[in-house]
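K.L.:
The structure is given below, and queries will be raised subsequently.
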Amino acid sequence: MFKKYRIVKYVLASLAIVSTISILIGVHIASLLPAEDITLSNSQASEIAYLNKNVPFNRGKILAVVTSTDVMGANGKATGYELTELARAYYVFTANGFDVDIASPLGGIPPVVLDDDDMGIFDYAFLNDVKAQSKIHKTLPLKDVVGEDYKAIYFVGGKGAMYDFPDNTYVQRLVRDFYSANKVIGAVCHGPAALVNVTLKNGKSFLQDRQVSGFTNKEELLLIPKAASIFPFLLQDKLIEQGAVFNEGLMYLEKVSHDENLITGQNPWSVWLLAETMVRQLGYVPKQRTLTGEENAITVLHTYETIGATASKVLIKQIILDKKQTVSRALLIDHGAIAILKADLKKFYDLLGLASYAKDIENK
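Residues 1 to 364 in full-length UniProt numbering are what the sequence shown lists, from first letter to last.
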């Protein structure tokens with residue numbers, strides 16, 4: 001009996017130690033996060049120099065397409081288009097001289113997914129932009145879209161796209177017509193769902209032998225383990241099934257595939273590069289733009305994954321001290337949390353170390 005009590009004491013002591021360590025780690029993580037910018041939600045497009053200085057005039061129109069689906073299948077979880085995937089591309093296009101129309105399968109006000117942790121100045125500016133909001137609150141029904149009016153089409157991601165893009169005859173017609181007219185087609189994250197089930201006039205799958213990126217199985221299943229039963233299909237599997245050469249990048253990091261007029265991105269962190277690649281494919285050099293702290297963090301994370309922590313610290317120092325730019329500590333910590341989900345404790349501590357290093361450099 002006394003041995004049993006001893007074991008209970010050991011268990012309780014161990015739990016107390018684990019609990020204390022968890023609290024200390026939580027406090028440490030909180031100390032690494034920057035203070036909340038309470039003015040960020042009031043951001044205005046008129047105050048962002050990139051959007052207002054040296055804007056080219058009248059280069060034509062680009063059509064952005066968002067989902068009309070507001071629930072994820074039978075599980076009833078809310079979904080829609082990803083705001084960041086629309087807002088950032090929208091502003092890259094307009095800053096480079098293109099007007100942007102927004103369409104959806106049903107027209108009208110589409111459902112949207114907002115994640116406060118991912119929102120930046122451009123995203124809040126979009127929410128406060130009267131012109132942009134007028135367009136998103138009155139999206140064009142796809143049946144009324146005249147493809148000839150546009151130089152490019154961009155399929156915005158969001159899990160809702162998995163439901164109302166693949167079998168939509170208007171989506172298929174637009175993809176087929178843009179391909180036939182040698183126009184630029186872009187899609188990001190779940191947006192490439194628009195490319196499946198498209199058959200060309202010669203009877204071949206549009207995706208046959210095309211280099212494509214999209215939200216990967218690993219990215220999907222880590223966050224939604226039952227994704228295969230919730231969605232009509234896993235996007236990576238379907239793209240490969242229909243003949244695509246799927247280019248899989250590192251999880252939740254930037255990856256863009258460029259196959260002639262088809263430009264696709266793996267996830268939300270690929271939007272900036274994808275949109276600027278579309279501008280370049282349209283025949284123009286994209287305007288210079290100061291990289292966001294999130295983009296710099298993605299570069300740091302890619303360096304960590306491919307070279308290591310030491311090289312990542314060198315890069316952080318260069319970005320902050322030499323380029324006078326920021327590195328999103330929050331995103332570094334987010335990837336640390338992903339490492340925990342994958343039971344990779346070393347990576348978790350490495351990324352906390354990088355966030356701590358970035359904070360120290362900023363405070364110098």
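Yeah, the Cβ is synthetic: ideal placement off N, Cα and C, and Gly gets one too.
From what residue to what residue does the beta strand (DSSP E) around Val327 run?
P.N.:
Run containing Val327: none; DSSP gives neither H nor E here.
K.L.:
Looking at the secondary structure, which residues open and close the beta strand (DSSP E) in which Tyr154 lies?
P.N.:
152-155
K.L.:
Is the segment 355-363 touching the segment 58-66, taking contact as three or more C-beta pairs under 8 Å?
P.N.:
no
K.L.:
Looking only at DSSP bridge pairs, what is Lys103 linked to?
P.N.:
For the record, residue 103 in the displayed sequence is Ala; it is not Lys. Answer is Val65, Leu140, bridged to Ala103.
K.L.:
Taking DSSP as the reference, what is the three-state secondary structure of Gly191?
P.N.:
helix
K.L.:
Just verifying my parser: in three-state terms, what is the DSSP assignment at Gln211?
P.N.:
strand
K.L.:
Would Asn267 and Gln211 be called neighbours here (beta carbons separated by less than 8 Å)?
P.N.:
no
K.L.:
Which of the three DSSP states, helix, strand or coil, is assigned to Val147?
P.N.:
Here residue 147 turns out to be Gly, not Val, going by the sequence shown. Reduced to three states, the DSSP call for Gly147 is helix.
K.L.:
Using the three-state DSSP reduction, which class does Asp115 fall into: helix, strand or coil?
P.N.:
Taken through DSSP and simplified to helix, strand or coil, Asp115 comes out as coil.
K.L.:
Starting from Tyr81, follow its DSSP beta bridges and name the residues at the other end.
P.N.:
For Tyr81, which the question treats as bridged, DSSP gives the partners Val112.
K.L.:
Please report the distance separating the alpha-carbon of Trp269 from that of Leu331.
P.N.:
Approximately 11 Å between the Cα atoms of the pair.
K.L.:
Are there 16 or more other CB atoms within 10 angstroms of the CB of Glu219, so buried, or fewer, so exposed?
P.N.:
buried
K.L.:
Just the C-alpha distance for Gly265 and Thr39, rounded to the nearest angstrom, thanks.
P.N.:
CA-CA distance, Gly265 to Thr39, rounds to 31 Å.
K.L.:
How close, in whole Å, do the beta carbons of Val245 and Asn296 come, if the pair is a contact with beta carbons under 8 Å?
P.N.:
With 8 Å as the limit, Val245 and Asn296 do not qualify as a contact, their Cβ atoms being about 30 Å apart.
K.L.:
Alpha carbon to alpha carbon, what distance is there between Asp360 and Leu195?
P.N.:
45 Å
K.L.:
Between the Cα of Asp116 and those of Leu341, Leu127, Ser180, Ser205, spot the shortest distance and give me the residue it belongs to.
P.N.:
Asp116 has its Cα closest to that of Leu127, out of Leu341, Leu127, Ser180, Ser205.
K.L.:
Relative to the C-alpha of Pro105, which candidate in Ser31, Phe122, Pro141, Lys131 has its C-alpha closest?
P.N.:
Pro141
K.L.:
For Ala187, does the count of other Cβ atoms within 10 angstroms reach 16, so buried, or fall short, so exposed?
P.N.:
Counting Cβ neighbours within 10 Å, Ala187 comes out buried, since at least 16 surround it.
K.L.:
Quick check: the Cα distance between Arg173 and Leu235, rounded to an integer number of angstroms?
P.N.:
Straight-line Cα distance between these residues: approximately 20 Å.
K.L.:
Does the separation of the CB atoms of Leu200 and Arg176 fall below 8 Å?
P.N.:
yes
K.L.:
How far does the beta strand (DSSP E) with Val256 in it extend, from its first residue to its last?
P.N.:
256-259
K.L.:
Could you tell me the distance, in whole angstroms, from the CA atom of Lys324 to the CA atom of Tyr50?
P.N.:
The alpha-carbon atoms of Lys324 and Tyr50 are separated by roughly 17 Å.
K.L.:
To the nearest angstrom, report how far apart Ser14 and Tyr349 are at their CA atoms.
P.N.:
Residue placement at Ser14 is poorly supported in this model, since its pLDDT is 48, which falls under 50; the coordinates still yield a value, given next. One C-alpha to the other measures close to 21 Å.
K.L.:
For Asn42, does the count of other Cβ atoms within 10 angstroms reach 16, so buried, or fall short, so exposed?
P.N.:
exposed
K.L.:
If we ignore side chains and look at the alpha-carbon of each, how far apart do Val8 and Gly76 end up?
P.N.:
Residue confidence for Val8 is low, a pLDDT of 45 falling below 50, so the modelled location carries little weight; the figure read from the coordinates is stated next. The alpha-carbon atoms of Val8 and Gly76 are separated by roughly 43 Å.
K.L.:
Do you know how far the Cα of Ala89 is from the Cα of Ala125?
P.N.:
13 Å
K.L.:
Output needed for Phe93: all residues of its chain with C-beta closer than 6 Å, excluding positions within five of it in sequence on either side, in chain order.
P.N.:
Ile62, Val100
K.L.:
Shortest alpha-carbon distance to Gly56 belongs to which of Tyr284, Leu351, Asp322, Ile338?
P.N.:
The question names Gly, but residue 56 in the sequence shown is Pro. Considering only alpha carbons, the answer is Tyr284.
K.L.:
So, is Lys255 buried or exposed, given that buried needs 16 or more other C-beta atoms within 10 angstroms?
P.N.:
buried
K.L.:
Confirm the yes/no value for this check: CB of Met72, any heavy atom of the ligand FMN, distance under 7 Å.
P.N.:
In terms of ligand content, the structure shown is empty, and the ligand FMN therefore cannot be addressed.
K.L.:
Note down the Cα distance separating Ser68 from Asp123, rounded to an integer number of angstroms.
P.N.:
Each residue's alpha carbon lies about 20 Å from the other.
K.L.:
Roughly how far, in whole angstroms, is the beta-carbon of Lys287 from the beta-carbon of Asn54, given that I think they are within contact range, below 8 Å?
P.N.:
With 8 Å as the limit, Lys287 and Asn54 qualify as a contact, their Cβ atoms being about 7 Å apart.
K.L.:
Tyr179 and Lys143 look like a contact to me (Cβ under 8 Å); what is the Cβ gap, rounded to whole Å?
P.N.:
Rounded, the Cβ-Cβ distance is 20 Å, inconsistent with contact.
K.L.:
Below 8 Å on the Cβ atoms is my contact criterion, and I expect Ser213 with Gly158 to pass it. Report the Cβ-Cβ distance as a whole number of Å.
P.N.:
Incorrect: roughly 16 Å between the Cβ atoms, too far for contact.
K.L.:
What would DSSP say about Ile38, mapped onto helix, strand or coil?
P.N.:
coil
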